[in-house]
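Accompanying notes for the structure given below.
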Amino acid sequence: MLFTLFTWWLVLTLLGLAGWGLLLALRVRRGAPLWAWARPVGLLFLTWLAWLLGHLLAMPLALWLALAATGLLGSWGLWRGRSGVRQALSTDWHALLLGEVVLLVMAAWVVWARGREPGIVHTEQPMDIAFLASCARASRMPPADPWLAGEALNYYYLGYLVWGLLARLADTEPTIAYNLALAATAGLAAQALYGLLLAALPSDELLARWKRLAMAALGAGVVLSAGNLIVLAEALHSWGALPDGVAAWLGVPGLAEASVTGSLIPDGSWWWRASRPWLDTTLLRDPTVIAEFPAFSLALGDLHPHLMALPWSVSAVGLALTAQSTKGRWLRAAFLGWLIGGAAFINGWELPALLGLAALWQVRQARCGLAGWAHAGALWLVTLAGAIAPYALFWLGLSTQVTGLQVNWLAKTPLRGYLLVFGAWLLPLVGLLLGTPAWWRGSGRGRLWRWWLGVLVASVVIIWLVGGAAQVALSALGLLRGALLALLLALALAWLAERFWRLAATTAARPLLLALLGLGLTYGTELLFLGDLFGTRMNTLFKFYYQAWWLLGTVAVVALARLCDAGHWQRGVATVTGLLWALLCTYPLLTMPPRPERWTLDAVADLTPAEADAVVWLGQQAEPGDVLLAAPGVTYAPASVRLSSLTGVPMLLGWPDHERQWGRSGPLLAEREGDVDQAYLTADGELLAALLQRYGVRWVALGPQERQRYGDQALAIERWAPWCGPVFERGGLILLACHP
């Protein structure tokens, strides 16, 4: 296992050197911590090239050609930017070395935690490893849908391809690569956040160099490790210090009913409730709101796109905010777009925020006047083209169940729920604002009210454009349920926008833009949501709040640094904030799985010996293009899709509800389920042979899932004998190989 860990670190580091060379070739501002974002860039460049070439060539050849091209271009960039390398190694080596420590510590923590509970046993982990395994064994692009044999993946899958190809390069089984990918994602995100904080923290005499490095390193760890204020509420309730009336008023589903243990460490599913802060209100039901955060994702162990996108989204923001030189700005705009597009290919929800940030920063860098704004608009169009064109093959082939923008006129966020989620980040921001009167007095009441009115009018116009006059009227009525938060957010956005507009594009403006973007994302969920199968704003709020978490967390770290060097009472706010963050950072410790009998990163460790042997055997024997016939999957039942998910061998039908979410039609899924049932139940040999031939079935599973659905008669080997023969049998699980 140590050799596997070293191999992953080595491959990531070599690709990071290539990514550093690519970034140096862009001639970004000297002193920018490009090395902090180099590994995500190198990984993305390799994966993107392999993905493009994989549409034309067999995947092994495409991967090796992409690897060679990445190495050559990266080496050229390192040579061209050798002065920047010398500066980093001579002057900034302290920052660079600390960045490596941040990466290794965060990754090691997740490796240790996952080694205590490596299995794929709950929620949507089977989907995640199925996609990763499919990408790892793909012979061409796009990868196959492992739960709908014969179809290509119809999902933003680039994150799975990144780790699948890395597993291929490092010769790592998907069942191990899954847990290493979680750790690598955490480490890369921590290093990228560290670099972003170095770019956002003041670098003048207000903050000594050593303190700046320490704040950046600790801040990156806090943003990724802290829980929200629900964690504190759970601890107080468990201890008996939170009155029942207060627990009920907070509105967290299940909090008031949780048991009081007399201990600060709660029992039960308290850690899960931290991601479900309140119940929304709609006409038909009160759906649970999802507001996850990185520490929750890592504790849960789901390798989802919103988590995987973190290193690339943070790197894109860092590159956008540090690229200030006029020389080569068009190339940098295109490259930034390419990086934004990669983040969107990993998680499509990243696109609006990243393109919005690029637009605002490019406008802020432009000269005032029509000519300057036209130039900024042209740069943004280049960025937009860079985000879409390199990934056009994906976007043109994507089919979704999204129904378009819809007006959110009824479901409003309660202020107490919002503070439970983001209060830990807002505390230092409010403290800094109140302690710096020049900031809010300098805005001028007249200008601030005009900006506030502008935000409110713009909100009305957006609602009218999306839903018409009737939706504007309904939204006005809906505000009666949550007007306070909406008005406060609009006021905060107005103040941030007014101050950002008056500042030059300098270090001081960067935190303002991040705060503007983070609060803007949360404000947007009060107005609109993207329609989907769920019919509520659940998914929109989930994905936008996740991005707002790290954006506002980054700004909060900058605010804390300012508070530490401010007046007496502000240092008191800083002390309270630091203590609060320290308490919330116990979340990963409290969610640590119990000590296992055997520490391992292999997900097959939690399987029965028969299942584990079958997974290993099928993974070794199956060839690209093989198809597995097994009983249709049962949604959220990992055992029903285990053979396919852990090996990447496509089965005829996995979890049908998820396939619907990915844009598959109901008739197609019904037909597929009927064909699978017929294959196991029909007494017509010719029909069975036709079904096996139609879907190109190579392997047939006869195990507990098939026995439960079809009975023992369907599992009789003699029934399959004319077309298939047994090749694996252990513990009641049989695999048949169909004759060519």
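Heads up: the sequence shown runs through residues 1270 to 2009, numbered per my numbering.
Even for Gly, the Cβ is constructed at its ideal location relative to N, Cα and C.
Under the three-state DSSP convention, the category residue i falls into
i, result
"residue 1396", "helix"
"residue 1854", "coil"
"residue 1521", "coil"
"residue 1545", "coil"
"residue 1670", "coil"
"residue 1314", "helix"
"residue 1995", "strand"
"residue 1965", "coil"
"residue 1897", "strand"
"residue 1391", "coil"
"residue 1297", "coil"
"residue 1562", "coil"
"residue 1445", "helix"
"residue 1676", "strand"
"residue 1475", "Its pLDDT being 49, under 50, residue 1475 is placed unreliably by the model, and nothing is read from it."
"residue 1270", "coil"
"residue 2005", "strand"
"residue 1496", "coil"
"residue 1922", "coil"
"residue 1746", "helix"
"residue 1552", "coil"
"residue 1413", "strand"
Same chain only: Cβ atoms within 7 Å of residue i, ignoring 5 sequence neighbours per side
i, result
"residue 1569", "1392"
"residue 1270", "1870"
"residue 1864", "1385"
"residue 1464", "1302, 1305, 1306, 1368 and 1587"
"residue 1632", "1642 and 1645"
"residue 1383", "1448, 1451, 1452, 1570 and 1870"
"residue 1684", "1753 and 1754"
Cβ-based neighbour list, residue i, same chain, cut-off 8 Å, excluding 5 preceding and 5 following
i, result
"residue 1300", "1356 and 1361"
"residue 1688", "1498 and 1695"
"residue 2076", "Residue numbering for the chain in the displayed model covers 1270 to 2009; residue 2076 lies beyond these limits and cannot be assessed."
"residue 1956", "1947"
Short Cβ contact (8 Å threshold) for residue i with residue j
i, j, result
"residue 1747", "residue 1812", "no"
"residue 1828", "residue 1697", "yes"
"residue 1958", "residue 1924", "no"
"residue 1984", "residue 2004", "no"
"residue 1902", "residue 1915", "no"
"residue 1735", "residue 1676", "yes"
"residue 1732", "residue 1427", "no"
"residue 1459", "residue 1584", "no"
"residue 1284", "residue 1330", "no"
"residue 1589", "residue 1605", "yes"
"residue 1975", "residue 1906", "no"
Nearest-angstrom beta carbon gap, residue j and residue i [assumed within contact, 8 Å]
i, j, result
"residue 2055", "residue 1913", "No information on residue 2055 is available, as it lies outside the stretch 1270 to 2009 that the chain covers here."
"residue 1626", "residue 1470", "Going by Cβ atoms, the distance from residue 1626 to residue 1470 rounds to 18 Å, so no, they are not a contact pair."
"residue 1792", "residue 1560", "Wrong, their Cβ atoms sit about 15 Å apart, outside the cutoff."
"residue 1645", "residue 1610", "Actually they do not touch by this definition, with Cβ atoms about 20 Å apart."
"residue 2002", "residue 1979", "15 Å between Cβ atoms; not a contact."
"residue 1294", "residue 1318", "Rounded, the Cβ-Cβ distance is 16 Å, inconsistent with contact."
"residue 1540", "residue 1859", "7 Å"
"residue 1963", "residue 1596", "Rounded, the Cβ-Cβ distance is 60 Å, inconsistent with contact."
Burial state of residue i (16 or more Cβ within 10 Å)
i, result
"residue 1779", "buried"
"residue 1397", "buried"
"residue 1534", "exposed"
"residue 1521", "buried"
"residue 1841", "exposed"
"residue 1349", "exposed"
"residue 1400", "buried"
"residue 1878", "exposed"
"residue 1624", "buried"
"residue 1982", "exposed"
"residue 1668", "exposed"
"residue 1394", "buried"
"residue 1738", "exposed"
"residue 1844", "exposed"
"residue 1503", "buried"
"residue 1352", "exposed"
"residue 1526", "exposed"
Residue i Cβ short of 7 Å to the ligand HEM heavy atom set
i, result
"residue 1585", "Looking for the ligand HEM in the displayed structure turns up nothing, as the structure carries no ligands at all."
Same chain, Cβ closer than 6 Å to residue i, neighbours up to 5 away in sequence not counted
i, result
"residue 1690", "1497, 1546 and 1560"
"residue 1724", "1759, 1762 and 1763"
"residue 1475", "Annotation note: pLDDT 49 at residue 1475 (below 50); position unreliable, no value reported."
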